[in-house]
Every structure is written in structure tokens, then in C-alpha cells.
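Enquirer: Got a structure here, written out as C-alpha cells. Questions coming.
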Amino acid sequence: MWGLVKKRRSSARLVRADPRVVEALRALLAVEASRSRSRGWKKRMRQEVQWWLDDHHGEPGQRTVEVPPQSTFNRLLDTVEASLGLQGRVAQRRARAARPAPPFTPTLALRPGEIVMLDSSPLDVLVVLDDGVLGRLELTIAVDVAVRGLWGGSYGRRGAS
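Per my numbering, the sequence shown starts with residue 4, numbered consecutively.
The structure is reproduced here in C-alpha cells:
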């Protein structure tokens, strides 16, 4: 069983780090993704992060947020870079950085009934309604996201309330 447990703790590094430093890294890595990386780019990135923190969170003449030491900063930089998917060659980083944000966020439902989705669809079936007029039906279903089961369904006259 121990072989199935994830032992890498890179996400824990993001939790333990100062959120202002992580915010600065995410803001600056989006710009850095389109550049070529030469020797010493991590050292320059550390300096840019400190300047960004001074501009956004510092008071005039005083430094309120310190960037971690170089070795800790490098590990944090690698973790944030991996979480953003900005590792690899320059062409790969540019392509990933240019991607638009996904339109939807994934939903997580742990208990039945926590999230129920409703969907209505018109049916391509003509029926004779109670008043003798031909009309289309609309099918409405309720799906539980947690158990992925159908809670119920109903049909009714399209456009009727």
C-alpha cells in the first residue's frame, strides 16, 4: 500500500511559502515564459521578485516582504513553474503561456445532493397536447454530480410554465 501513496511534496511547498511571493512568481513567470533563458536567470528572477514585492507590498523606504534565500527560492520557483506548466523549451513555454484560461472550473462534490445539475432539452417529437394542438415536448432531468446518478426527469410542453 505504501507504494501507492504520493511521496512528492511539491504542492506542500506552495502551501508553506509566503502567498505574496507565490503571487509575485506567478505574475512574473507569465512574462518570463516568452523569453530565452540564459545562465543566471533564476538569480535575476529573484531580484525581479523582490522589486515586484517592494512595489506592491512595500512601504516607502521599508521592505515588508523578503524573498527566501536563493536555494529555497529556486525550489519554490521550480514548483510554481511546474504548477503553471511553464517548463521546457522556449517554444513550448511560449505556446503554454499564450493559451487562454479555461472557461470552466472543475467542480468537486463529495456528498450526494451537494451539487445537482438540471438540464432541459427539446425533443424532436411532435405530440398532440391536451388542447388538441400539435406541440413539442421538453425533457428536463436532474443529475447528482457526486454519485453521477439521475435524480429525476420530467417532460412538459415547450415554453409552458
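Cβ atoms here follow ideal geometry from the backbone N, Cα and C, with glycine treated the same way.
In this text, all values refer to a predicted model and were calculated from it rather than measured experimentally.
(1) Measure from the alpha carbon of residue 134 to the alpha carbon of each residue in 117, 123, 160, 149, then state which is nearest.
(2) Three Cβ pairs or more, each shorter than 8 Å: is that satisfied between the region 38 to 45 and the region 104 to 112?
(3) Nearest to residue 145 by alpha carbon, out of 132, 116, 128?
(4) Out of curiosity, what's the CA-to-CA distance linking residue 16 and residue 157?
(5) What does the alpha-carbon distance come out to for the pair residue 29 and residue 83?
(6) Taking the alpha carbon of residue 103 as the reference point, which residue from 69, 87, 68 has its own alpha carbon closest?
(7) If residue 96 sits next to residue 36, beta carbons under 8 Å apart, how far is it from one beta carbon to the other, in whole angstroms?
(8) For residue 114, which residues from the same chain have a beta carbon less than 7 Å from its beta carbon, with the 5 sequence-adjacent residues on both sides left out?
(9) Looking at the strands, I want to know which residues DSSP matches up with residue 143.
(10) My understanding is that residue 189 touches residue 120, with C-beta atoms under 8 Å, so please give their C-beta distance in whole angstroms.
(11) Could you tell me whether the Cβ atoms of residue 25 and residue 71 are closer together than 8 Å?
(12) Can you name, in chain order, every residue of its own chain whose Cβ lies under 7 Å from the Cβ of residue 76, other than the five neighbours on each side?
(13) Consult DSSP for residue 65 and reduce its assignment to one of helix, strand or coil.
(14) Considering only residues of the same chain and omitting the five flanking positions on each side of residue 112, which have a CB-CB separation below 6 Å?
Expert: If we stick to the structure as given:
(1) 160
(2) no
(3) 116
(4) 49 Å
(5) 7 Å
(6) 87
(7) 4 Å
(8) 149
(9) 123, 157
(10) The chain is shown only over 4 to 164; residue 189 falls outside these bounds and no answer can be derived.
(11) no
(12) 49, 70
(13) strand
(14) 118, 148, 149
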